[in-house]
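Everything below concerns the one structure shown next.
Numbering (the UniProt record's numbering), first residue to last: 1 to 555.
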């Protein structure tokens, strides 16, 4: 008897081998370690790049605040619309494993193009804009395309009976996302500001390090290839789904008056399409309807991004003109000394030294701690003077003009920006609550989307979950940018809308009942080897409906 070469048998045998590879005697597959590390590096890559993206727009490309905000949200939206494309490629054509690899290569190329666009010696400003936009588009397709595939691929590694371990995996998976994003948002701004290259801030390095992390993510993912359970693609799912939906609509339109009423409008496709496909589409639709109110969460969540853009556009634009620095104690500015005297002046403020050239020279900009400065020394080539600057307070922006009068050196201290007596640490509790809500919301959504999706559409439903973020960014662009409201009114508007949406979602969730997609495999059995189906099975397939499937408790 010859060896059987059937691909399905090979995949099944391969799956059995993988089920024996567990982490330290637990029910966690070894393969998920590669997936978690890959996600950490990929999120470091993505958020590290985004951490300096607005600074890059404003100070390297010299865009204004409104354009920077619009492009930032448009990029974020594209990153969360493209998961649909990646999911369709994975479930219908290449499978999740190959989709992640190929789109990760696109991702890396996007990072490289973006980094090259940040090198001043490469072309003029037009070239920089073109390379930057091309890089962002490639990154959007790369990161968006792999998003639903990596999460669903990780869920695929678990055996059917290990649902609790799979649920915990999504928590670990999201922890790796947050760890990568937090670390990268600390590291890349430091690389941009503290490392100087090409005569200024090193954006090329700040974008290059995330590119390197994406290369590491790709290498790690490929390294685990021999350990993965790889489910083959189910064929062109999208085309079948669209045709089934179209046929159901047409058939209902033509025959609804002369045929008996059916329990669901998709049941009008029974004359042409398999009952299993119809049930799977119904399952996906029920979840997608539940997602309709959720973009408002992300619309409010992303308001912190808009506030951040407005903050840095103000702070760093003033930095270009006057100079400022940021401290955990608060934001404080020690503005330039302007010397109208005919001699050069060296100024000592505490332990900091300033030099202002003669005839309206402007000193360098050094931030100093808050305090009373009563004996500031101003020394020229011939004389030494003492001036009383008084209190230099948090959040204030000072300009000091030095002039030579007959009675000595006089000064005028101007407070361009008034002092701020609110400690920056008061923002910590707010971000703790925001982050806690986002973590619980996202982990639950990832696991729910996986558990409620049929095997052939797991990546598609993951993409549907991620599209909530895209629509949230669209809401920010259309409502917030178009309304022209003050920031505090925007915050109140979106917070109020989210309260209303939460009430609506709670009602919808109460009436949603969990289903077990794995029951489809038990109900719709197909004997592919003998190419025969028992008559009793056929009758059961014809009679089964979504309401007959085993259910769990309500949400």
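Glycine is no exception: its CB is placed at the ideal position from the N, C-alpha and C atoms. It should be emphasised that the depicted structure is a prediction, and the values quoted were computed from it without experimental measurement.
From which residue to which residue does the alpha helix (DSSP H) around residue 622 run?
Outside the modelled stretch of the chain, which goes from 1 to 555, sits residue 622, for which no answer is possible.
In whole angstroms, give me the CA-to-CA distance for residue 96 and residue 116.
Near 30 Å, if we compare the C-alpha coordinates of residue 116 and residue 96.
Got a sec, what are the start and stop residues for the alpha helix (DSSP H) residue 58 sits in?
In this chain, residue 58 is not harboured by any alpha helix (DSSP H), its DSSP state being neither H nor E.
Do residue 447 and residue 170 have their CB atoms nearer than 8 Å?
A contact, by the Cβ cut-off of 8 Å.
Give me the Cα-Cα distance between residue 157 and residue 218, rounded to the nearest whole angstrom.
Going from the Cα of residue 157 to the Cα of residue 218 covers about 18 Å.
Whole angstroms are fine: how far does the CA of residue 473 sit from the CA of residue 74?
Cα to Cα, the separation comes out at about 7 Å.
Residue 367 and residue 336 closer than 8 Å at C-beta:
Their beta carbons are not under 8 Å apart, which means residue 367 does not touch residue 336 by this criterion.
Assess, as a yes-or-no matter, whether the stretch 287-295 is touched by the stretch 505-518 under the definition of 3 or more beta carbon pairs within less than 8 Å.
In the pairwise beta carbon analysis, the stretch 505-518 is classified as touching the stretch 287-295: at least three pairs are separated by under 8 Å.
To the nearest angstrom, how far is it from the Cα of residue 498 to the Cα of residue 403?
Cα to Cα, residue 498 sits roughly 56 Å from residue 403.
Distance check for residue 29 and residue 418, CA to CA, integer angstroms please.
Cα to Cα, residue 418 sits roughly 58 Å from residue 29.
If you reduce the DSSP assignment to three classes, tell me which class residue 486 lands in.
Coil.
Buried/exposed call for residue 433, threshold 16 Cβ in 10 Å
Exposed.
DSSP three-state label for residue 117, please.
Assignment of residue 117 by DSSP, reduced to helix, strand and coil, places it in the helix class.
Through-space distance from residue 284 to residue 543, alpha-carbon basis
With a pLDDT of 42 at residue 543, under the threshold of 50, the modelled position of this residue cannot be trusted; read the value that follows with caution. Straight-line measurement puts the Cα of residue 284 at about 20 Å from the Cα of residue 543.
Backbone CA spacing between residue 44 and residue 216 [nearest angstrom]:
The straight-line gap from Cα to Cα measures roughly 11 Å.
Grouping DSSP H, G and I as helix and E and B as strand, with all else coil, what is residue 96?
In the structure shown, residue 96 sits in a helix (DSSP, three-state: H, G or I).
Rounded Cβ spacing between residue 71 and residue 81 (contact assumed at less than 8 Å)
About 15 Å separates the two Cβ atoms, so there is no contact after all.
Coil, strand or helix - residue 335 by DSSP
In the three-state DSSP reduction, residue 335 falls in the coil class, being neither helix nor strand.
Residue 427 (DSSP reduced to helix, strand or coil)
Residue 427 falls in the helix class under three-state DSSP.
Relative to the C-alpha of residue 209, which residue among 51, 392, 458 and 88 is closest?
When each option's Cα is compared against that of residue 209, the closest is 51.
Would you decide whether residue 251 is buried or exposed? Buried here means 16 or more other CB atoms lie within 10 Å of its CB.
Residue 251 is classed as buried because its beta carbon has at least 16 other beta carbons within 10 Å across all chains shown.
So the candidates are 273, 304 and 155; which of them puts its Cα closest to the Cα of residue 35?
Nearest option by C-alpha distance: 155.
Endpoints, beta strand (DSSP E) assigned at residue 378:
Boundaries of the beta strand (DSSP E) around residue 378: 376-379.
Indicate the three-state DSSP secondary structure (helix, strand or coil) for residue 365 in the structure shown.
Coil.
Measure the C-alpha to C-alpha separation of residue 436 and residue 466 and round it to an integer number of angstroms.
Each residue's CA atom was taken as its position, placing residue 436 and residue 466 some 18 Å apart.
I need the straight-line Cα distance from residue 225 to residue 354, nearest angstrom please.
Straight-line Cα distance between these residues: approximately 59 Å.
Rank 304, 369, 101 and 293 by C-alpha distance to the C-alpha of residue 427 and give the top, closest one.
Comparing Cα-Cα distances from residue 427 to each of 304, 369, 101 and 293, the minimum goes to 304.
I'd like to check one pair, residue 146 with residue 182: are the Cβ atoms closer than 8 Å?
The Cβ-Cβ distance between residue 182 and residue 146 does not fall below 8 Å.
Report the residue from 389, 248 and 352 whose alpha carbon sits nearest the alpha carbon of residue 374.
Closest option to residue 374, Cα to Cα, is 389.
Could you tell me whether the Cβ atoms of residue 203 and residue 140 are closer together than 8 Å?
No, they are not a contact pair.
If distances are taken between C-alpha atoms only, which option among 138, 256, 77 and 502 comes closest to residue 107?
Residue 138 is the option with its Cα nearest to residue 107.
Pop quiz: residue 91 and residue 459 are said to be a contact at Cβ under 8 Å. What is the actual Cβ separation, rounded to whole angstroms?
Taking 8 Å as the upper bound for CB-CB distance, residue 91 and residue 459 are in contact here, some 5 Å apart.
Quick one, which of 452, 299, 392 and 370 has its alpha-carbon nearest residue 495's?
For residue 495, the nearest C-alpha among the options comes from 299.
Assign residue 231 to buried or exposed, taking buried as 16 or more other Cβ atoms, counted over all protein chains shown, within 10 Å of its Cβ.
Buried, by the Cβ-count rule.
Reduced DSSP category for residue 372 - H, G, I as helix; E, B as strand; rest coil:
Of the three classes helix, strand and coil, the one that applies to residue 372 here is strand, per DSSP.
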